[in-house]
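Peer 1: Input: one structure, supplied below.
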Amino acid sequence: MLVNNKAPNFCVKGVDKNNQIIKFDLYKNISNKNILLFFWPLNFTFICPSEIIALNNRYKKFKKKNTKILGISIDSIYSHIAWKNTPINKGGIGNIKFNILSDINRKIIKLYNIKFKKTYTSLRSTFILDKNKIIRYQSTNDMFIGRNIDEILRIIDAINYNCKTKLSCPAQWNKNKSGIKENYEDICKYLKKNYKTI
Numbered sequence: 063m064l065v066n067n068k069a070p071n072f073c074v075k076g077v078d079k080n081n082q083i084i085k086f087d088l089y090k091n092i093s094n095k096n097i098l099l100f101f102w103p104l105n106f107t108f109i110c111p112s113e114i115i116a117l118n119n120r121y122k123k124f125k126k127k128n129t130k131i132l133g134i135s136i137d138s139i140y141s142h143i144a145w146k147n148t149p150i151n152k153g154g155i156g157n158i159k160f161n162i163l164s165d166i167n168r169k170i171i172k173l174y175n176i177k178f179k180k181t182y183t184s185l186r187s188t189f190i191l192d193k194n195k196i197i198r199y200q201s202t203n204d205m206f207i208g209r210n211i212d213e214i215l216r217i218i219d220a221i222n223y224n225c226k227t228k229l230s231c232p233a234q235w236n237k238n239k240s241g242i243k244e245n246y247e248d249i250c251k252y253l254k255k256n257y258k259t260i
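Following this note's numbering, the numbering of the sequence shown begins with 63 at its first residue and continues without gaps.
What follows is the structure, encoded as structure tokens:
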């Protein structure tokens, strides 16, 4: 479990939105933004393209929330380019707007402890880092369960809200709701008002 710890740094090659090969250093690219690290097992598989396309469809929403998306798998940069160049109706992902990185030596998945032992690929894992490089959220799904990208957006709202107000976000919180102070009196008031609807 890495939540509340400083995110391990890494420097790897990747592919940008223009299919140019880049060298990417995590710490040098945080620059006062949240970072979404989005790991998937392998390119040219089945659940993975649906997740990547769902992320890309919400790219502007992440940008408005001051969050940079980084996709990561163990595939080579050339596999990434080929996957982007494959039509969506043929199992490709199209020309997505965010960088995808190559963890071909499996260094990152070891640092983040998300290696799937049966195939030595990444598990379906998600990490959200705040602008101070602290991991505020992590989740890992079984290989056969795709992620809900709208829930990731909600978590980012909660992180941004907490950073701004120092208030905590109770169950079923969303950006249209208020938070609570971490004391007995405040939680009692909140539960009295909301217990039927949470």
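By construction, the Cβ of each residue, glycine as well, lies at the ideal position given by its N, Cα and C atoms.
Which residue's Cα is closest to the Cα of Asn-118: Asn-161, Ile-242, Lys-85, Ile-97?
Peer 2: The count along the sequence shown starts at 1 and reaches residue 118 at position 56. The shortest C-alpha separation from Asn-118 is found at Asn-161.
Peer 1: Smallest Cα separation from Lys-95: which of Ile-197, Gln-234, Lys-237?
Peer 2: On the sequence shown, residue 95 is found 33 positions in, with the first residue counted as 1. It is Ile-197.
Peer 1: Which word fits Asn-128, buried or exposed, when buried means at least 16 other C-beta atoms lie within 10 angstroms of its C-beta?
Peer 2: Within the sequence shown, numbered from 1, the residue matching residue 128 stands at position 66. Classification of Asn-128: exposed, given that the 10 Å Cβ count is below 16.
Peer 1: Spatial neighbours of Asp-137 within its chain, please: C-beta separation below 6 angstroms, excluding the five flanking residues on both sides.
Peer 2: What you label residue 137 is simply residue 75 of the sequence shown in a count that begins at 1. So the qualifying residues of the chain are Asn-105.
Peer 1: Can you tell me which of the three DSSP states Ser-141 falls into?
Peer 2: For this step, residue 141 is matched to residue 79 along the sequence shown. Note: Ser-141 maps to helix in three-state DSSP.
Peer 1: At 4 residues or longer, and completely inside the region 117-178: list those alpha helix (DSSP H) runs for me, N to C.
Peer 2: Within the region 117-178, the complete alpha helix (DSSP H) runs of at least 4 residues are 121-126, 139-147, 169-173.
Peer 1: Is the CB-CB distance between Phe-100 and Ile-134 below 9 angstroms?
Peer 2: Taking the first residue of the sequence shown as position 1, residue 100 is located at position 38. Taking the first residue of the sequence shown as position 1, residue 134 is located at position 72. Taking 9 angstroms as the Cβ cut-off, Phe-100 and Ile-134 qualify as a contacting pair.
Peer 1: Does the distance from the C-beta atom of Asn-147 to that of Asn-81 stay below 9 angstroms?
Peer 2: Counting from 1 along the sequence shown, the entry for residue 147 is found at position 85. Counting from 1 along the sequence shown, the entry for residue 81 is found at position 19. Result yes, Cβ atoms of Asn-147 and Asn-81 sit closer than 9 angstroms.
Peer 1: Asn-236 and Asp-219 - do their beta-carbons sit closer together than 9 angstroms?
Peer 2: On the sequence shown, position 157 is the one that residue 219 refers to. On the sequence shown, position 174 is the one that residue 236 refers to. Cβ distance < 9 angstroms, so Asp-219 and Asn-236 count as in contact.
Peer 1: What number of angstroms, rounded off, separates the C-alpha of Ile-139 from the C-alpha of Asn-224?
Peer 2: Mapped onto the sequence shown, residue 139 falls at position 77. Mapped onto the sequence shown, residue 224 falls at position 162. For Ile-139 and Asn-224, the distance between alpha carbons rounds to 36 angstroms.
Peer 1: Mind checking who Gly-76 pairs with in its DSSP beta bridge?
Peer 2: Position 14 of the sequence shown, counted from the start, is the residue given in the question as residue 76. Partner(s): Ile-84, Leu-163.
Peer 1: Does the separation of the CB atoms of Arg-120 and Asp-212 fall below 9 angstroms?
Peer 2: If you number the sequence shown from 1, residue 120 lands on position 58. If you number the sequence shown from 1, residue 212 lands on position 150. Yes, they are a contact pair.
Peer 1: Using the Cα positions of Val-65 and Leu-253, report the straight-line distance between them to the nearest angstrom.
Peer 2: In the sequence shown, the residue the question calls residue 65 occupies position 3. In the sequence shown, the residue the question calls residue 253 occupies position 191. C-alpha separation (whole angstroms): 27 angstroms.
Peer 1: Could you work out which residue in Lys-152, Lys-125, Met-205 is closest to Lys-180 when comparing CA atoms only?
Peer 2: In the sequence shown, counting from the first residue as 1, residue 180 sits at position 118. Closest option to Lys-180, Cα to Cα, is Met-205.
Peer 1: How about Ile-214 and Leu-132: do their beta carbons lie closer than 9 angstroms?
Peer 2: Along the sequence shown, one-based indexing puts residue 214 at 152. Along the sequence shown, one-based indexing puts residue 132 at 70. Taking 9 angstroms as the Cβ cut-off, Ile-214 and Leu-132 do not qualify as a contacting pair.
Peer 1: Would you decide whether Ala-69 is buried or exposed? Buried here means 16 or more other CB atoms lie within 10 Å of its CB.
Peer 2: Sequence index remark: in the sequence shown, residue 69 carries index 7 (1-based). Per the 10 Å Cβ criterion, buried.
Peer 1: Give me the Cα-Cα distance between Asn-157 and Asn-67, rounded to the nearest whole angstrom.
Peer 2: For the purposes of this step, residue 157 is taken as residue 95 along the sequence shown, with counting starting at 1. For the purposes of this step, residue 67 is taken as residue 5 along the sequence shown, with counting starting at 1. Rounded to the nearest angstrom, the two C-alpha atoms are 33 angstroms apart.
Peer 1: Lys-254 by DSSP, collapsed to three states: which one?
Peer 2: Start at 1 with the first residue of the sequence shown, and residue 254 comes out as number 192. Correct three-state label for Lys-254: helix.
Peer 1: Express the C-alpha separation of Asn-91 and Ile-217 in angstroms, rounding to a whole number.
Peer 2: The sequence position of residue 217 within the sequence shown is 155, counting from 1. The sequence position of residue 91 within the sequence shown is 29, counting from 1. Approximately 21 angstroms between the Cα atoms of the pair.
Peer 1: Compute the Euclidean distance between the alpha carbons of Leu-185 and Asn-210, then round it to the nearest angstrom.
Peer 2: Counting from 1 along the sequence shown, the entry for residue 185 is found at position 123. Counting from 1 along the sequence shown, the entry for residue 210 is found at position 148. The alpha-carbon atoms of Leu-185 and Asn-210 are separated by roughly 15 angstroms.
Peer 1: Just list the residues that DSSP pairs Tyr-89 with in beta bridges.
Peer 2: For this step, residue 89 is matched to residue 27 along the sequence shown. Note: Tyr-89 sits in no beta bridge, so no partner.
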